[in-house]
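What the sequence shown shows, in my numbering, is residues 39 to 575, in sequence order.
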Amino acid sequence: MAQKPLRLLACGDVEGKFDVLFNRVRAIQKKSGNFDLLLCVGNFFGSTPDAEWEEYKTGIKKAPIQTYVLGANNQETVKYFQDADGCELAENITYLGRKGVFTGSSGLQIVYLSGTESLTEPVPGYSFSPKDVSSLRTILCSTSQFKGVDILLTSPWPKYVGNFGNSSGEVDTKKCGSALVSSLATSLKPRYHFAALEKSYYERLPYRNHVVLQENAQHATRFIALANVGNPEKKKYLYAFSIIPMKLMDTAELVKQPPDVTENPYRKSGKEASIGKQIPIPEEDSACQFFFDLNEKQGRKRSSTGRDSKSPHSKQPRKPPQPPGPCWFCLASPEVEKHLVVNIGTHCYLAMAKGGLSDDHVLILPIGHYQSVVELSAEVVEEVEKYKATLRRFFKNRGKRCVLFERNYKSHHLQLQVIPVPLSCCATDDIKDAFITQAQEQQIELLEIPEHSDIKQIAQPGAAYFYVELDTGEKLFHRIKKNFPLQFGREVLASEAILNIPNKSDWRQCQISKEEEEILARRFRKDFEPFDFTLDE
């Protein structure tokens with residue numbers, strides 16, 4: 039049985055003209071039948087008095103269709119959007135949030151980015167920054183199976199969208215719009231991209247997302263900019279369309295090219311629009327994404343962990359799973375070499391690495407049995423982060439920067455390796471280049487992800503992976519599909535490019551006597567004591 043298409047409406051700047059919009063929607067539905075959703079981009083609220091909005095907010099009036107809106111584009115309207123993660127504004131009207139993914143039981147995937155572009159810090163409450171674009175790109179594009187998204191919602195136009203296309207009228211796309219939105223559209227490959235703010239209607243010719251004769255055919259993108267509601271020029275502000283989620287479509291049907299398809303407007307459009315991989319990645323304040331189910335009422339949110347955000351049990355500490363057999367790293371296990379333990383917290387502990395690359399090579403380990411970072415409970419993650427920050431300060435005080443890596447492959451208990459590298463040896467970029475170069479030589483795909491992104495959003499529990507974290511917080515991630523060199527992290531750090539101790543790439547060649555290990559452990563405990571946060575708790 040053929041999949042029934044979803045029937046959607048998209049709208050430009052409402053600017054507080056709620057009655058005009060919803061009366062128009064009622065008329066359309068009366069004539070053409072009901073639609074599933076209304077998606078609003080641009081300025082939902084305007085400078086008009088709040089009396090009309092109060093009628094919707096208090097329930098006197100009700101939107102005739104489930105309506106989802108983007109957030110503020112100016113300081114004046116920030117007051118209407120109290121929750122950055124999205125919330126219900128009125129019955130049938132839901133604010134999606136600052137950025138994220140909206141997905142339904144049908145599989146339809148809608149990416150949204152609220153606000154206007156800002157390249158300065160601090161970022162205003164009505165703007166998005168390079169880190170917002172980077173985190174969306176990382177979460178969605180990090181898997182090899184990623185093909186694109188169904189719909190992208192932004193308020194600003196993407197800069198250069200008019201290149202190779204039909205005329206955009208009075209809007210100069212080389213001057214107007216956001217280069218960050220261009221780079222996001224390039225990466226996400228939406229089938230439909232809606233924007234507003236320019237008080238103009240522009241339906242660009244569809245553009246292709248692949249290079250002809252060089253890449254396999256991919257679906258085309260349709261960009262539609264919508265005018266403001268009730269504009270006197272009668273420019274189009276409401277757009278009706280039907281769509282089958284791409285995940286349910288036959289590939290041949292999905293990639294079928296429209297007869298009027300053009301080249302990608304962002305591919306050769308100057309430096310500003312091609313900054314997709316060059317966007318600096320500042321600190322990420324929150325990597326949390328939410329997924330909405332179209333069948334759930336009023337946009338109720340389900341967190342990316344799969345638990346309902348309103349669940350009364352979401353903050354209950356989980357009991358760590360028990361090891362299937364003897365474990366060398368569970369602190370309560372008789373197998374643990376206790377003389378290597380140098381610090382014990384509430385949920386984690388530090389131990390000297392056996393056969394370490396240096397005398398101060400240590401491990402961060404959970405006290406309970408967890409196989410990987412992905413499986414850690416919230417309170418354990420919090421203490422892991424404390425240890426990481428403390429070790430960075432400790433090593434910086436000693437003229438060193440630390441590199442962390444985890445290999446969740448052929449291991450049963452999380453071991454977060456922490457290796458100090460003297461500042462005089464090399465720069466952080468040199469370390470990063472060494473990992474990327476050696477990965478390429480061994481045909482290992484290392485993906486660069488934002489420094490404060492959550493590995494849990496990229497790797498599922500039980501998935502094999504390797505990741506390395508630099509002292510700047512930058513991370514490189516590899517999803518292990520088949521085989522992986524067990525000593526890869528050590529080999530890179532021991533190479534001539536970094537520590538220049540290639541003979542120490544295998545830990546078994548670096549083992550010392552128990553007495554020597556005890557001396558190193560005592561020395562580390564003494565040196566680390568002034569930085570020990572567990573003494574304050």
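Idealized CB from N, CA, C, for every residue including glycine.
Owing to the predicted nature of the structure, the values given are computational and were not obtained by experimental measurement.
inquiry  = Once the 5 residues before and after HIS399 are set aside, which same chain residues still bring their CB inside 6 angstroms of it?
reply    = ALA391, ILE457
task = Could you name the residues that DSSP lists as bridge partners for MET390?
result = VAL400
request  = Give me the Cα-Cα distance between LEU276 and VAL52, rounded to the nearest whole angstrom.
outcome  = The straight-line gap from Cα to Cα measures roughly 10 angstroms.
task = Could you tell me the distance, in whole angstroms, from the CA atom of LEU190 to the CA atom of GLN120?
result = 23 angstroms
ask   = Is the beta carbon of ILE262 sitting closer than 8 angstroms to the one on PRO43?
value = no
query = Which value, in whole angstroms, describes the spacing of the CA atoms of LEU235 and GLU271?
reply = Rounded to whole angstroms, the gap between the alpha carbons of LEU235 and GLU271 is 16 angstroms.
inquiry  = Buried or exposed, going by whether 16 or more other CB atoms sit within 10 Å of the CB of LEU151?
reply    = Per the 10 Å Cβ criterion, buried.
inquiry  = Buried or exposed, going by whether 16 or more other CB atoms sit within 10 Å of the CB of ASP468?
reply    = Burial call: exposed.
message = Quick check: the stretch 440-448 against the stretch 501-520, are at least 3 beta-carbon pairs closer than 8 angstroms?
response = yes
query = Should GLN495 go down as buried or exposed, given a rule of 16 or more other Cβ atoms within 10 Å for buried?
reply = buried
task = Following the continuous beta strand (DSSP E) through THR141, name the residue where it begins and the one where it ends.
result = 137-141
request  = Reducing DSSP to helix, strand and coil, say where PRO568 ends up.
outcome  = helix
inquiry  = Looking at chain C, is there any beta carbon in it that lies within less than 8 angstroms of the beta carbon of LYS520?
reply    = In the displayed structure, chain C is absent; only one protein chain is listed.
inquiry  = Am I right that GLY268 and SER193 are in contact with their C-beta atoms under 8 angstroms? What's the rounded C-beta distance?
reply    = With 8 angstroms as the limit, GLY268 and SER193 do not qualify as a contact, their Cβ atoms being about 18 angstroms apart.
request  = Grab the span of the beta strand (DSSP E) containing ALA217 for me, first residue to last.
outcome  = Here ALA217 belongs to no beta strand (DSSP E); instead the alpha helix (DSSP H) covers 217-226.
ask   = So the alpha helix (DSSP H) GLN478 belongs to, where does it begin and stop?
value = 466-479
ask   = Would the beta-carbon of LEU388 fall within 8 angstroms of that of ILE402?
value = yes
query = Based on Cα-Cα distance, which residue from PHE433, GLU423, LYS434 lies nearest to THR384?
reply = GLU423
task = If I'm right that PHE166 touches GLU155 with Cβ under 8 angstroms, what's the distance once you round it to whole angstroms?
result = PHE166 to GLU155, Cβ: 7 angstroms. Contact.
ask   = Any idea what DSSP makes of CYS214, helix, strand or coil?
value = Coil, per DSSP.
request  = Compare the beta carbon distance of PHE202 and THR96 with 8 angstroms and say whether it is the shorter of the two.
outcome  = no
ask   = What are the residues that DSSP puts in a beta bridge with CYS49?
value = CYS78, LEU276
request  = To the nearest angstrom, report how far apart LEU573 and GLU555 are at their CA atoms.
outcome  = Looking at the two C-alpha atoms, the distance is approximately 24 angstroms.
query = Given TYR245, which residues of its chain have a CB within under 8 angstroms of its CB, disregarding the five upstream and five downstream residues?
reply = The answer, listed in chain order, is PHE202, GLY203, ALA258, THR259, PHE261, VAL299, THR300, GLU301, ASN302, PRO303.
ask   = When the Cα atoms are used, what is the spatial distance from VAL293 to ASP210?
value = 30 angstroms
Cα-Cα separation, ILE98 to LEU508 = 55 angstroms
message = Please identify the residue among GLY500, ARG561, GLY135 whose C-alpha is closest to the C-alpha of LEU378.
response = Selection GLY500, ARG561, GLY135 evaluated against LEU378 yields ARG561 as nearest (Cα-Cα).
query = Any idea if LEU75 is buried or exposed, counting beta-carbon neighbours within 10 angstroms, 16 or more meaning buried?
reply = buried
ask   = Applying the criterion that 16 or more other CB atoms from any shown protein chain within 10 Å of the CB defines a buried residue, is PHE629 buried or exposed?
value = The displayed coordinates of the chain run from 39 to 575. Any statement about residue 629 would go beyond what the structure contains.
key: Cut-off 7 angstroms between Cβ atoms - residues of its own chain near VAL63, not counting five sequence neighbours on either side   = LEU47, LEU76, PRO102, ILE103
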